[in-house]
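Remarks on the structure that follows.
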Amino acid sequence: MPNEPAPDLVLTARRIHVLGDRPPVQALLIRGGRIAAAGTADEVRAAALPGARTEHVDAVVTPGLTDAHVHLTTWALARRRVDLNAARTLAEGVAAVAAASRMDEGWVRGLGWDRHRWGGLPTREPLDRVCPERPVFLLSHDIHAAWVNTEALRRAGITRDTPDPAGGEIVRDARGEPSGVLLETAVRLVERHLPAESAQEVRAALLEAQAEAHRLGLTAVHSVEVTGLEDFAAMEQDDLLRLRVLQSIPLPRLDHAIAVGLRSGFWSEWLRIGGVKMFMDGALGSRTAWMRQPYEGGAADDVGIRTLEPDDFRENVRRAAAAGIASTVHAIGDAAVELAIGVLGAAPRPRAMPHRIEHVQLCPPDLWERAGRSGVIGSVQPVHVMTDIPAAERNWGHERSRGAYPFAPLLRAGMTLAFGSDVPVETCDPRLGLFAAVRRVGWDGAPAEGWWMQNAVTPEQALRAYTEGPAAAAGLEHRRGRLLPGYDADLAAWDLDPLDCGPDALREMRCLLTMVGGEAVQRAG
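For the sequence shown, my numbering puts the final residue at 565, and the numbers step up evenly by one.
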């Protein structure tokens with residue numbers, strides 16, 4: 041016998057921010073997983089069918105938040121590995137590796153070390169002392185470098201004679217020997233030798249990560265890594281996927297995607313195909329972001345790494361767009377951002393969704409209007425501001441940093457912003473993302489007056505960038521990101537009002553209820 045449809049739900053709250061330039065309302069009518077009505081409690085009750093349920097939450101309701109830039113599977117698995125994010129010194133990092141090496145067998149894997157926090161790049165010797173026989177593979181906090189021991193280098197066949205791969209570097213010591221650090225594409229030289237986790241291990245990790253996302257008020261994510269599609273599809277088939285996922289296509293699989301007719305926007309309500317993911321450059325911390333001018337204190341050629349030739353980039357975008365596939369382009373340095381704006385802005389937009397630039401970390405004032413006119417989405421991660429202020433000042437200098445994370449100017453120029461986190465590079469807690477976008481201070485609270493505050497946004501602009509912006513980036517602005525009739529009933533209920541609680545209180549808000557498709561997937565205890 042088919043399942044009976046769920047009865048209507050009349051949801052009332054202290055205040056409900058429906059967005060879409062509409063004033064707050066008192067109540068929502070949820071029917072069949074979507075919003076059927078929004079208005080006063082009396083209006084919504086009058087629109088409900090007989091037998092409707094009623095629930096009141098003593099909270100402020102917003103659309104469910106979307107993290108528009110996650111490495112979902114990497115984050116899920118990283119939560120079970122060596123966590124070096126809290127290691128303030130090299131010695132603390134080595135101690136964490138030593139402890140992990142005594143717990144099980146095989147490769148020791150981890151994430152989170154930071155060369156700037158530790159005062160420079162680490163080397164393989166400390167790892168060799170605590171873990172001489174097991175291979176060690178530790179990604180940096182920005183996932184653009186790996187720290188490995190001698191055994192890992194041996195298994196990968198990396199010696200002093202191994203050439204640097206295109207777009208990457210095997211860091212070497214004064215004798216020319218591999219030091220134990222691999223940058224950018226060189227990471228793959230060892231990474232491809234890592235044993236794959238079982239499907240059961242991946243699923244268990246993803247279910248744990250999904251529950252954590254719900255606890256934070258997240259109802260959707262845009263996953264930009266090369267893995268995950270098959271795992272998400274299997275979870276959906278088994279009715280376990282309760283997080284709406286937009287999944288990128290890795291560039292090496294573009295030909296296959298075109299051949300089998302895969303398009304941006306294909307799949308289902310839960311799992312949707314995004315754009316083809318390309319990398320134009322590296323990262324700020326490793327000084328591999330591609331720059332117009334040299335890094336502070338660097339030689340004339342110290343302008344980072346361009347990881348994709350411009351002609352190849354243009355051809356990839358053209359071929360993908362002709363096949364109905366949008367482009368999703370990693371660009372951090374101003375040279376990379378400028379090229380991405382120009383190429384994507386001139387390319388045809390696929391029907392399903394717009395092109396997008398990931399990070400847009402250094403976008404000087406002369407590019408703001410061009411970015412706004414381009415029609416390209418700016419997928420940005422405000423929590424990076426809290427970590428990157430010292431690195432930006434050191435590597436780009438204060439004046440050049442005027443164009444760092446310029447959220448407000450880009451919005452004024454007409455660019456749609458989609459906020460995310462880059463988890464596990466940073467925390468995916470959207471409360472910290474909201475705070476960082478509004479206050480623009482480091483983790484230590486400095487500078488107290490905020491850093492280049494003309495680039496800061498209002499709480500409402502920040503909330504829209506976590507809701508309406510990602511919906512537009514996914515080509516779903518007519519279905520998600522608002523709580524209006526016809527939209528999916530994806531929502532989060534907070535103990536404080538993010539629009540008037542004050543910037544500092546944004547970090548302390550509690551998500552009391554998360555709904556996806558009208559189903560409660562999380563309730564605070």
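Backbone N, C-alpha and C define an ideal beta-carbon position, used for all residues, glycine too.
{"Check": "Cβ neighbours of residue 101 in the same chain (closer than 6 Å, five flanking residues each side left out)", "Outcome": "53, 56, 531, 533"}
{"Check": "Residues sharing a beta bridge with residue 103, DSSP", "Outcome": "531"}
{"Check": "Alpha-carbon spacing of residue 564 relative to residue 553, whole angstroms", "Outcome": "6 Å"}
{"Check": "Distance, residue 556 Cα to residue 104 Cα", "Outcome": "8 Å"}
{"Check": "Own chain residues within Cβ distance below 8 Å of residue 517, not counting five before or after", "Outcome": "508, 511"}
{"Check": "CB contact flag (residue 207, residue 190, <8 Å)", "Outcome": "no"}
{"Check": "Close-in-space but distant-in-sequence residues of the same chain around residue 115 (CB under 8 Å, 5 per side omitted)", "Outcome": "249, 463, 464, 468"}
{"Check": "Bounding residues of the alpha helix (DSSP H) (the contiguous stretch that carries residue 368)", "Outcome": "Counting along the chain, residue 368 falls outside any alpha helix (DSSP H), though it belongs to the beta strand (DSSP E) covering 367-371."}
{"Check": "Residue closest to residue 356, alpha-carbon to alpha-carbon, out of 392, 297, 378", "Outcome": "297"}
{"Check": "contact_flag[the region 429-449, the region 339-358] where n(CB pairs < 8 Å) is 3 or more", "Outcome": "no"}
{"Check": "Contact check, residue 320 vs residue 284, beta carbons under 8 Å", "Outcome": "no"}
{"Check": "Nearest candidate by alpha-carbon position, reference residue 416, set 495, 313, 371", "Outcome": "371"}
{"Check": "Proximity of residue 497 and residue 448 at Cβ, strictly below 8 Å", "Outcome": "yes"}
{"Check": "Below-8 Å beta-carbon distance, residue 339 vs any chain D residue", "Outcome": "No chain D appears in the structure shown, which is made up of a single protein chain."}
{"Check": "Pair within 8 Å by beta-carbon distance, residue 137 and residue 150", "Outcome": "yes"}
{"Check": "contact_flag[the region 68-81, the region 520-529] where n(CB pairs < 8 Å) is 3 or more", "Outcome": "yes"}
{"Check": "Alpha-carbon to alpha-carbon, residue 419 and residue 396", "Outcome": "7 Å"}
{"Check": "Cα-Cα separation between residue 123 and residue 133, rounded to whole angstroms", "Outcome": "9 Å"}
{"Check": "Pick from 230, 178, 163 that is closest to residue 196, judged by C-alpha positions", "Outcome": "230"}
{"Check": "Which listed residue (520, 411, 290, 488) has its alpha carbon closest to that of residue 268", "Outcome": "290"}
{"Check": "The region 326-343 in contact with the region 359-370 per 3-pair CB rule at 8 Å", "Outcome": "no"}
{"Check": "Same chain only: Cβ atoms within 7 Å of residue 494, ignoring 5 sequence neighbours per side", "Outcome": "448"}
{"Check": "Test item: CB-CB of residue 394 and residue 513 under 8 Å", "Outcome": "yes"}
{"Check": "Whether residue 281 touches residue 307 by CB criterion (8 Å)", "Outcome": "no"}
{"Check": "Beta-bridge partners of residue 431, as assigned by DSSP", "Outcome": "Partner(s): none; residue 431 has no beta bridge."}
{"Check": "Assigned exposure category for residue 113 - 16 Cβ within 10 Å defines buried", "Outcome": "buried"}
{"Check": "Which of helix, strand or coil DSSP assigns to residue 98", "Outcome": "strand"}
{"Check": "Rounded separation between residue 178 and residue 222 - CA only", "Outcome": "10 Å"}
{"Check": "Exposure of residue 41, with buried meaning 16 or more beta-carbon neighbours within 10 Å", "Outcome": "With a pLDDT of 40 at residue 41, under the threshold of 50, the predicted position of this residue should be treated as unreliable, though the coordinate-derived value follows. Its Cβ having fewer than 16 others within 10 Å, residue 41 is exposed."}
{"Check": "DSSP three-state assignment for residue 42, whether helix, strand or coil", "Outcome": "The predicted position of residue 42 is uncertain, since its pLDDT is 49 and thus under 50; a value taken from the coordinates is nonetheless stated next. Here residue 42 sits in coil by DSSP."}
{"Check": "Alpha-carbon spacing of residue 522 relative to residue 456, whole angstroms", "Outcome": "15 Å"}
{"Check": "The region 535-547 contacting the region 77-92, beta-carbon criterion three pairs below 8 Å", "Outcome": "no"}
{"Check": "Outcome for residue 400 when other beta-carbon atoms lying within 10 angstroms are tallied against a minimum of 16", "Outcome": "buried"}
{"Check": "Where the alpha helix (DSSP H) through residue 133 begins and ends", "Outcome": "130-141"}
{"Check": "Residues sharing a beta bridge with residue 177, DSSP", "Outcome": "149, 188"}
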